[in-house]
Amino acid sequence: MSNLRKDAPDDVDLGRVWISVAAQVWRRQPGWLERTAGRLLRSPGLARALLTTPSLLLPWLLTSIVVLAAGAAATTGSGQPVVALLAPAMAAAAIAYSYGPGMDPAWELSCSMAVSDRMVLLVRALAVFAVNAVLGLAASAVSASGAAAAVTFGWLIPMTAVCAFALAVATVARSANAGAAAGVAAWLIIVLSGRVASGQFAAAVTDTVLFLPYLAIGAGCAAVALYATRIPRGTL
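Numbering-wise, this note's numbering puts 216 at position 216 of the sequence shown, and it's gapless, one number per residue.
Given below as structure tokens:
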């Protein structure tokens, strides 16, 4: 490369040419799933950013399935809604990694796309939430028996609040690790507080009095996340 630079004319930028060649060599051809997502989202770049979300990659999904399967087995054996207590914490950690400079392989891509950073985050967050909700519902349905059957769907509301909180922290702190830690810690505090107040760990997902505060917190945190990812004035 150094010899080529010496022999090249002054008006030829070999660095830029080399970058172009490398981009062509390392460019990954989109698979059927990415092509389908691109058609649905009407943006190939947005589809690429979606499918490179860290918490939607196969290792993360397999880990989530294993943990929820263990929770389902524990629920069946004990009759306690273990899945309902695990699912919000796992979803909070997963959704925090929808936004993470330094952790996200597509971060630079999302910043350079014509689509706004907020739109990338919104599509990713909704996809992560939907995948975790489906996995949690499947585990709940398999293990639903006795006391656990009453909370097959009830944990979706606290899960929404905890996910929104984790995403808000991640976007404000610009750190996926901070968002995941805050979401898991918040859910742990809620579960332990319910245990102290009512004597049951499941109170965090069975007490309907908490549902309205959950929804209010979720809406407020979602607004914070959207504000934190706004496009500053004068940058267009």
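In this text, a Cβ means the ideal position worked out from N, Cα and C, and glycines have one as well.
In this text, all values refer to a predicted model and were calculated from it rather than measured experimentally.
C-beta atoms of residue i and residue j nearer than 7 Å
i      : j      : result
CYS163 : ALA223 : no
GLY38  : ALA47  : yes
VAL128 : ALA94  : yes
Contacting residues, own chain, Cβ-Cβ under 8 Å from residue i (five flanking each side not counted)
i      : result
ALA186 : ALA92, VAL162, PHE165, ALA166
TYR214 : ILE157, PRO158, THR160, ALA161
ILE217 : ALA161, ALA164, PHE165
LEU41  : ALA47, LEU50, VAL123
Cβ-based burial, residue i [other Cβ within 10 Å; buried from 16]
i      : result
THR171 : buried
ILE189 : exposed
THR75  : buried
ILE65  : exposed
ALA125 : buried
VAL191 : buried
PRO54  : buried
TYR99  : buried
ALA197 : exposed
VAL182 : The residue you asked about is not Val; residue 182 is Ala in the sequence shown. With 16 or more Cβ atoms within 10 Å of its Cβ, ALA182 is classed as buried.
LYS6   : Only weak support exists for where LYS6 lies, its pLDDT of 49 falling under 50; the coordinates are left without a value.
VAL82  : buried
ALA219 : exposed
Beta-carbon separation (whole angstroms), residue i vs residue j, contact threshold 8 Å
i      : j      : result
ALA69  : SER140 : The Cβ separation is near 12 Å, so there is no contact.
VAL184 : ALA89  : 5 Å
ALA72  : VAL131 : In fact, because the Cβ distance is near 17 Å, the residues do not count as touching under 8 Å.
ALA176 : ALA96  : 5 Å
ALA178 : GLY194 : At roughly 25 Å, the Cβ-Cβ gap does not stay under 8 Å, so ALA178 and GLY194 are not in contact.
THR206 : GLY136 : Actually they are not in contact, since the Cβ atoms of THR206 and GLY136 sit about 16 Å apart, beyond 8 Å.
Residues of its chain near residue i, where Cβ-Cβ distance is below 7 Å and the 5 sequence neighbours each way are ignored
i      : result
THR229 : ASP117, ARG118, LEU121, THR171
LEU56  : ALA127, VAL128, VAL131
VAL67  : LEU86, MET90
TRP26  : Low per-residue confidence applies at TRP26: pLDDT is 47, beneath 50, and the placement is therefore not dependable, though the value from the model is reported in the following sentence. Within the same chain, TRP26 has no close Cβ partners at all.
Neighbourhood of residue i by C-beta, 6 Å cutoff - its chain only, sequence neighbours within 5 removed
i      : result
TRP32  : none
ALA225 : LEU167, ALA168, THR171
ALA180 : ALA93, ALA96
ALA133 : none
Closer than 7 Å to chain B by CB, residue i
i     : result
ALA69 : The chain inventory of the structure shown lacks chain B, comprising one protein chain alone.
Hey, which unbroken runs of the alpha helix (DSSP H) at 4 residues or more fall wholly within the stretch 17-92?
Taking only runs of at least 4 residues, the alpha helix (DSSP H) segments lying wholly in the stretch 17-92 are 32-41, 44-51, 58-78.
Length at least 3, wholly inside the stretch 195-219: the beta strand (DSSP E) runs in chain order:
none
At 4 residues or longer, what runs of the alpha helix (DSSP H) sit wholly inside the stretch 120-199?
Counting only runs that start and end inside the stretch 120-199, the alpha helix (DSSP H) elements of at least 4 residues fall at 156-173, 176-198.
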